[in-house]
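Right, one structure below, let's go through it.
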Amino acid sequence: MHSPKHKPARGPIIRRAAIEAFTKLDPRRMVRNPVMFVVEVGSVLTTILAAQALVGEGEASFGFIAGVAVWLWFTVLFANFAEALAEGRGKAQAESLRKARQHVQARRLSERDRHARAEQVPAAQLRRGDLVLVIAGDTIPGDGDVVEGIASVDESAVTGESAPVIRESGGDRSAVTGGTRVLSDWIIVEIRSNPGETFLDRMIAMVEGAKRKKTPNEIALDILLAGLSLVFLLACATLYPFSLYALETRGQGAPVPITVLVALLVCLIPTTIGGLLSAIGIAGMDRLIRVNVIATSGRAVEAAGDVDVLLLDKTGTITIGNRQAVELLPAAGVKVEALAEAAQLASLADETPEGRSIVVLAKEKYGLRQRELANTEARFIAFTAHTRMSGVDLAGREIRKGAADAIGKHLKAKGGGLSPDIQALVQTIAKSGGTPLVVAEGSRALGVVHLKDIVKGGIRERFAEFRRIGIETIMITGDNPQTAGAIAAEAGVDSFQAEATPETKLALIRGKQAAGHLVAMTGDGTNDAPALAQADVAVAMNTGTQAAKEAGNMVDLDSDPTKLLDIVEIGKQMLMTRGALTTFSVANDVAKYFAIIPAAFAGTYPDLRALDLMRLHSPQSAVLAAVIFNAIIIILLVPIALRGVKVRPHPAAALLRRNLLVFGLGGLVAPFIGIKLIDLVITTIGVA
Amino acid sequence: MTAHALLQCGVYVVVLVALAVPLGGYCARVLGGEATLVQRLLGPLERGLYRAAGVRPDDEMDWRDYTGAVLWFNLFGLLVVYGLQRLQHLLPLNPQELGPVAPDLAFNTAVSFASNTNWQAYGGETTLSYLTQMVGLTTQNFVSAATGIAVLAALARAFSRRRAETIGNFWADLVRSTLYILLPLSLVLAVALAADGVVQTFAPAAEVELMRAATGPEGQVITQQTIPLGPGASQIAIKQLGTNGGGFYNINSAHPLENPTPLTNVLECLAILLIPAALCLSFGKIVADRRQGWAVLGAMFAIFLPLLGLCVWSEGQLAPQLVELGVDPSAGNLEGKEVRFGAAASALWATATTAASNGSVNAMHDSFNPLGGLVPMWLMQVGEVVFGGVGSGLYGMLVFAILAVFLAGLMVGRTPEYLGKKIEAFEVKMAALVILLPSAGVLVGTAIAVASEAGRAGISNPGIHGFSEVLYGFSSASNNNGSAFAGLGANSFFYNLALGLCMLIGRYGIIVPVLALAGALARKQTVPPGPGTMPTHTPLFVFLLAAIVVLVGALTFVPALALGPIVEHLQMTGAHP
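Residue numbers (numbering that gives the first Met the number 0), protein chains in the order written: chain H, 0 to 687; chain P, 0 to 576.
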């Protein structure tokens, strides 16, 4: 996980959460959470009963009823506090984002020309398709694509990253985000989103949780919890007529007090998970924001946990971005220094990372200093898709470098050709997964540069973990199958697709989905958009095009494709945390029965004391202890809800065994101990 | 528990499983429409039935049509039984000239037999004509069981299909279940029972000389006894096999002509669980993963065996109060039991008949010790999913499996899935309904009964045991078992209506959500299993499933049980008066 880049202070968040715990008591809000709404109704009911006991004849002593009422209120407040705490972080971040948006004026252009007539309009009035000029020092007024110019942009307001980035027209570096600032030069931006729909708006809504819709699993769990609550409501409500009947046939004792029934109900309904459910969801989104990923919906995050196929672009995800020259292999009779010199000359004007790596290799390994060619008569030949070569014409020398077949053709035209030893070198490099680049001077090939993909450190172990938890990794690359196979083997992916095109990517995703798999992928280019739209979880790079960002359901602000792995973990963690707390909550009920049932009927059926395994002090202390335990456990579990249970790279069967042991068995045993301890404490200090 | 009792139970379980394996495979073939030997014999009959009814068996139905067919067919059956009872005085085959059955009792009986409950608020010999018994009740014994199998077949198919709209044809499932499963099995069992002395004759009632003259209520000397006879074995066979339970004689399989020998006792007892156990294995075959069938069966045994142990142990004890009176405790609690079976075989039957929603008895559950009586009651309350009714027990258990998968499945960090189908909001909603409705019937019904005059009027044993009787009655009706604790005067307007409603809710309030579930599951894509999938065939899952069933059943009913059998037991054994 990445370290958080925005870290709001804890103190104010806790203070604000404490206040919000009370404002959230509004029944119109509470009714959205049926379990906690039941507790609130119970709190009101017992409060009224306490008041009745205070002023007149109550069903039990005022102290007892008031004690239960107070702890029921605490139960509700604790749950509200947990939710407010989870929301707190997001709120603080949303505020700083809002500041970035305020009072921006835009220069709207009448046509796509820097010198066209410009009018000043507030950013909020910009529509899709408007052209705006942004110059150094300006804040970019809205999301869009650079259509002209190049500028360095400070995106720290959105990404938290202070190093400026380059944005220019054309290609995959054209997207700009509203709220970021141009530091130098100028750009013309075509606005791509209407007011209220911008990335910043979406991000604010997301972190604030204002638009947070319940995720599918959350809805399913809500239904289950409501169903359980209803069952327990029936079990508790029917106890009253049962106890009346028992009373009548026995002629001793008293009907079970409403306070006890309410206490029993609240203890039985799954308040632990009911109270923490929304906090778990919000905290999950927050963890995502902390690794600098913005999801368009919670549904997408949850789907990330279900993903079982990861499509990973080779470049940038599995390998460190670009191929690097690692070795120079001269042809027979050519000195390696001569080859190094030619290769360096051919690459001096080549600003691609591959080109630069050749220059660096020549300098570091073969001691050639970088030469200044500005004042010489050098003519640089740029790479074109047609010739697929680049090079330099210098003082009568004609140096070229390029793929073997391209150079072969070039040499043939000059009456030469590739010698067998060059061809052998090319073969060897290609077989090892490298890319051979032939360097030629005149009509003669001097040798071969070995370009190699460098697999990122630690990625192999990461893929092994994914395999253990049942996620298949597929490497996508434009390389030929041979090269792709070698890198795939080195990186330890499960399979690869070589010579991938946007169409083959789309077909691959569709094929996997038809077989029932859920597919995640990352992408940044416009040609990735169809595949991103098809994938179940699609992470677009923030540096990518607007089209890619719109097609994806998440945006990675750091533009780090490896982040997909974090996202999957966060998705899983959200589900696991919910499952763990649900199991814990339900398992807790057993002990509560043993505490409350004997206490409730102590008067009518003293024999039921035999069920009081915990040997609690008195019926009243038993009920109170159960209620207090029920409230306190919520607060104790807040850290787990917010942090999430630890995700371990184990297969499902092992995870289930482990979590059942911890949360199932633990949930069964913990309340026996907890209730007994609380009973001891409250009897010692004389509360009950 | 004695070695003898242990041996009895052990042999029972081994034979049951040994029979369930081949039968499970056979049922799966029948439900898949595959040709079997029996089909070659009865095929013309099957096709004739389709032609007569204008049904094309290959026309698949979506879940709405399937549900519609189930409900219309059951409503029709209900109305026929109701009509036969109300009009039996005008119809033939009524030699005793019995009058029309009262509307409330007729309603209760019609619902009872349509819903495979076979709760008997009437006294058979004295209320219903031969026509009503034969055409009404016996027909329902077959088709209500076949309805259960059909609904199960639809659900099993839904799991095995992907992106499908249809879940089978109800008429085909109904006809095949009846002709190829229930009919041949009943035939075999009936012959076996008759061979060992169960009554099977069209002869009139026999007049026999008593070995010792008795004295009547008015002081007259009685030397002769009338023993009612009839075609018993054939009806007893389907009563046991179809988890019906309505006896040929009023005292059911405690009657010496209904269940004369230890051998017939074993056969009848095996017949109770045979089809429910076999269908688990059929399910595994239909979903193309036999381990899943064994897992579900394993979970059923995991609940059944400890409870069987508890019940057999409890009935092996004699109440301390009776020991003080000098009763020999070595034979256990024999009150209300047949001495030719003994305490263990009676406890085994009681556990089996309530685990399955059969409800036939060979002893009076009312006379069991408190814990022995708690076992049958609680087995019904967990929703009749431990074996349960023919078909219905398994579909109930599968709903619990869905619930178990959902509860624990989240813990592996994926949307829970069962047999490759993702369990989402709709499935959870249906599962919650299936669990909620019968529980509501038991608790609300009992509450109304003990709180109302009409309800209390039927309680014969006042006090705690009276409460247990009412609770037992509503548990039995709401879960379509039909077993009675006795002691409850259930033929009153209140109980006929209340228990009738509970039976309706317990049957159709489950069938509809289960079929809706089937529709939703069939439409879903199937997720291929991988290391990230929570396995549902391991011992851990078997344990989990059993634990969820027990936990839900316990959490729902512990308060009520505490006020009934539990406090009874504590009072019997404890120091308190």
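No residue lacks a Cβ here, since even glycine has one placed at the ideal position from N, Cα and C.
- For Met553(H), the enclosing beta strand (DSSP E) covers residues 553–555.
- For a Cβ distance threshold of 7 angstroms, residue set Gly515 of chain H lies close to Gln524(P), ordered along the chain.
- In this structure, Tyr604(H) lies near Val566(P), with their beta-carbon atoms less than 8 angstroms apart.
- Per DSSP, Glu397(H) lies in no alpha helix (DSSP H); the unbroken beta strand (DSSP E) holding it starts and ends at 396–401.
- If you check the CB distance, Ile509(P) and Leu436(P) come in under 8 angstroms.
- Beta-bridge pairing by DSSP links Thr521(H) to Val538(H).
- Burial check for Asn479(H): the Cβ neighbour count within 10 Å stays below 16, so the residue is exposed.
- With a threshold of 8 angstroms between beta carbons, Gln570(P) makes contact with chain H.
- Each residue's CA atom was taken as its position, placing Leu240(P) and Ala270(P) some 5 angstroms apart.
- Among the residues of chain P, none has a CB under 7 angstroms from the CB of Pro670(H); the nearest is roughly 14 angstroms distant.
- Inter-residue distance for Val110(P) and Ile470(H) is about 52 angstroms (C-alpha atoms, whole angstroms).
- Bounds of the alpha helix (DSSP H) holding Pro183(P) are 182–194.
- For a cut-off of 8 angstroms, the C-beta gap from Phe462(H) to Val492(H) is around 6 angstroms, short enough to register as a contact.
- By the CB criterion at 8 angstroms, Met575(H) and Gly531(P) fall outside the cutoff.
- Under the DSSP assignment, Pro26(H) falls in the alpha helix (DSSP H) whose first and last residues are 26–29.
- Look at the region 559–576 of chain H: the residues with a C-beta under 8 angstroms from a C-beta of chain P are Gly570, Lys571, Gln572, Leu574, Met575.
- A contact is defined here as three or more CB-CB pairs under 8 angstroms, and the region 481–501 of chain P fails this definition with respect to the region 399–408 of chain P.
- In terms of Cβ geometry, Gly177(H) and Ile139(H) form a close pair [threshold 8 angstroms].
- CA-CA distance, Ala113(P) to Asn249(P), rounds to 20 angstroms.
- The beta-carbon of Phe201(P) is placed no less than 8 angstroms from the nearest beta-carbon of chain H.
- Here the alpha carbon of Ala276(P) sits roughly 9 angstroms from the alpha carbon of Leu393(P).
- DSSP places His464(P) inside the alpha helix (DSSP H), whose first and last residues are 463–477.
- When the Cα atoms are used, Ser296(H) and Asn216(H) turn out to be separated by approximately 13 angstroms.
- Around the Cβ of Leu450(H), a 10 Å sphere holds 16 or more other Cβ atoms; the residue is buried.
- If only uninterrupted alpha helix (DSSP H) runs of at least 4 residues are considered, those enclosed by the region 299–375 of chain P are 319–323, 341–354.
- Across the structure, Ala156(H) and Val175(H) are spaced so that their CA atoms are roughly 12 angstroms apart.
- Excluding sequence positions up to five before and after Lys455(H), its CB lies within less than 6 angstroms of the CB of Ile319, all in the same chain and listed in chain order.
- Collapsing the DSSP output to three states places Pro534(P) in coil.
- A direct Cα-to-Cα measurement between Arg116(H) and Ser192(H) gives close to 22 angstroms.
- In the same chain as Gly499(P), and ignoring 5 residues on each side of it, the C-beta atoms closer than 7 angstroms to its own belong to Phe106, Asn107, Val110, in chain order.
- By the CB criterion at 8 angstroms, Leu130(P) and Leu92(P) fall inside the cutoff.
- Distance between Ala303(H) and Gly408(P), taken at the CA atoms: about 16 angstroms.
- By alpha-carbon distance to Val557(P), the top candidate from Asn480(P), Val374(P), Glu314(P), Glu217(P) is Val374(P).
- Our two residues, Arg172(H) and Val152(H), have alpha carbons roughly 12 angstroms apart in a direct line.
- In chain order, Ala651, Ala652, Leu654, Leu655 make up the part of chain H whose C-beta sits under 9 angstroms from the C-beta of Met533(P).
- A residue is called buried when at least 16 other Cβ atoms come within 10 angstroms of its Cβ; Pro21(P) does not meet this threshold and is exposed.
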